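*Asks:* Dropping a structure here in structure tokens format, bear with me for questions.
There are 2 protein chains.
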Amino acid sequence: MTAKTRWLNHIKWDEHGLVPVIAQEATTNDVLMFAWMNREALARTVELGQAVYWSRSRKKLWHKGEESGHFQQVHEIRLDCDEDVVLLKVTQVGDIACHTGRHSCFFQKFEGDESGDWVEVDPVIKDPEAIYKK
Amino acid sequence: MTAKTRWLNHIKWDEHGLVPVIAQEATTNDVLMFAWMNREALARTVELGQAVYWSRSRKKLWHKGEESGHFQQVHEIRLDCDEDVVLLKVTQVGDIACHTGRHSCFFQKFEGDESGDWVEVDPVIKDPEAIYKK
Chain R
0 MTAKTRWLNH IKWDEHGLVP VIAQEATTND VLMFAWMNRE ALARTVELGQ AVYWSRSRKK
60 LWHKGEESGH FQQVHEIRLD CDEDVVLLKV TQVGDIACHT GRHSCFFQKF EGDESGDWVE
120 VDPVIKDPEA IYKK
Chain X
0 MTAKTRWLNH IKWDEHGLVP VIAQEATTND VLMFAWMNRE ALARTVELGQ AVYWSRSRKK
60 LWHKGEESGH FQQVHEIRLD CDEDVVLLKV TQVGDIACHT GRHSCFFQKF EGDESGDWVE
120 VDPVIKDPEA IYKK
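Chains as they are written, first to last, in numbering that gives the first Met the number 0: chain R, 0 to 133; chain X, 0 to 133.
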């Protein structure tokens, strides 16, 4: 084990070699999104100073912003007490973290009692078609 | 499908019937902890207005605070764009969310470059022995 990998080995990677990651806006503390990283993604994140996740659907590294331009500058990386969840404090380029064109992915709010429902409460800042069309 | 369960069916539960949950302090927006819920845990959370998680290690419902007294009053429940992550906005009773006696579970900060390491940066507010000893 080299010094370069010791901090990576400190993490309890799950059975798929992944760890859940919460991205939080450094200035407002807003929770922007949730994703996953493998060892390579986290190592690349530290190296670049920008968030690199593991896309479980596409099964490849996902440098957040590579298509949208909405990169995440990473200011701080935290690990929880059980060493199995990572928290990033980031600056969100474009103020848009969500692929729907919203600031945060958590735009659906539960309203009502046990028979309530989810309501979209946050606005779309930019049409996704304008974000992803080259 | 009854109205009572429609909002629960809106969530994409994973292969274990669980969803990841982020607990965030309502006033400061601090991320306090990360845990999991099954359908029953989320239904109980809505019913009680307090966070009830699913303990994967103990394989049972875990009413946060049942042993420590550090309950979480739930003010808001959010769902992400993919409908597979839940965010709670809570008031943390006792200001301590972590079983180590700290405010937040995310008290280990990565310091340095690629050969850096994790450093404990947040204080223990209360000795866990004093929290859990009856």
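Glycine is no exception: its CB is placed at the ideal position from the N, C-alpha and C atoms. Just so it is clear, the structure is predicted and the values come from calculations on it, not from any experiment.
Which residues does DSSP pair with SER54 of chain X in a beta bridge?
*Replies:* BP columns for SER54 of chain X point to X:LYS59.
*Asks:* Do you know offhand how far ASP29 of chain R's Cα is from GLY111 of chain R's?
*Replies:* The alpha-carbon atoms of ASP29 of chain R and GLY111 of chain R are separated by roughly 23 Å.
*Asks:* Which first and last residues belong to the alpha helix (DSSP H) in which VAL45 of chain R is found?
*Replies:* Residues 38-47.
*Asks:* Anything in chain R within Cβ reach of GLY115 of chain X, meaning under 7 Å, just list it in chain order.
*Replies:* Simply TRP6.
*Asks:* How would you list, in chain order, the residues of chain R whose beta-carbon sits under 8 Å from the beta-carbon of THR27 of chain X?
*Replies:* The contacting residues are ASN28.
*Asks:* Assess contact between the region 36-48 of chain X and the region 107-122 of chain X, defined as three or more Cβ pairs (one per stretch) separated by less than 8 Å. Is contact present?
*Replies:* The region 36-48 of chain X vs the region 107-122 of chain X: no contact.
*Asks:* To test your reading of the DSSP string, which unbroken alpha helix (DSSP H) runs of 4 or more residues are found completely within the region 78-112 of chain X?
*Replies:* Taking only runs of at least 4 residues, no alpha helix (DSSP H) segment lies wholly in the region 78-112 of chain X.
*Asks:* Below 8 Å on the Cβ atoms is my guess for LEU17 of chain R versus MET36 of chain R; work out the distance and round it to an integer in Å.
*Replies:* Correct: roughly 7 Å between the Cβ atoms.
*Asks:* Can you tell me which of the three DSSP states TRP117 of chain R falls into?
*Replies:* DSSP places TRP117 of chain R in strand when its eight states are reduced to three.
*Asks:* Just to confirm the assignment, what range does the beta strand (DSSP E) spanning ALA179 of chain X have?
*Replies:* Nothing about residue 179 of chain X can be read from this structure; chain X reaches only from 0 to 133.
*Asks:* To the nearest angstrom, how far is it from the Cα of ALA40 of chain R to the Cα of PRO19 of chain R?
*Replies:* In a straight line, the C-alpha of ALA40 of chain R is about 12 Å away from that of PRO19 of chain R.
*Asks:* If you reduce the DSSP assignment to three classes, tell me which class HIS69 of chain R lands in.
*Replies:* Coil.
*Asks:* Please state whether the Cβ-Cβ distance between ARG101 of chain R and ASP126 of chain R is less than 8 Å.
*Replies:* Cβ atoms of ARG101 of chain R and ASP126 of chain R: not closer than 8 Å.
*Asks:* By the 7 Å beta-carbon criterion, what residues does the region 43-73 of chain R contribute toward chain X?
*Replies:* Cβ contacts with chain X: VAL45, GLU46.
*Asks:* Considering Cα atoms alone, identify which of X:ILE95, X:PHE106, X:ILE10 is closest to ASP79 of chain X.
*Replies:* Cα-wise, what sits closest to ASP79 of chain X is X:ILE10.
*Asks:* Using DSSP's beta-bridge definition, name the partner residues of VAL30 of chain X.
*Replies:* In the DSSP output, where bridge partners are listed per residue, VAL30 of chain X has X:GLN23.
*Asks:* Please compile the residues from chain R whose C-beta is within a distance smaller than 8 Å of the C-beta of THR99 of chain X.
*Replies:* Near THR99 of chain X (Cβ distances below 8 Å), the residues of chain R are CYS80.
*Asks:* Distance check for HIS62 of chain X and ARG55 of chain R, CA to CA, integer angstroms please.
*Replies:* Whole-angstrom Cα-Cα distance: 31 Å.
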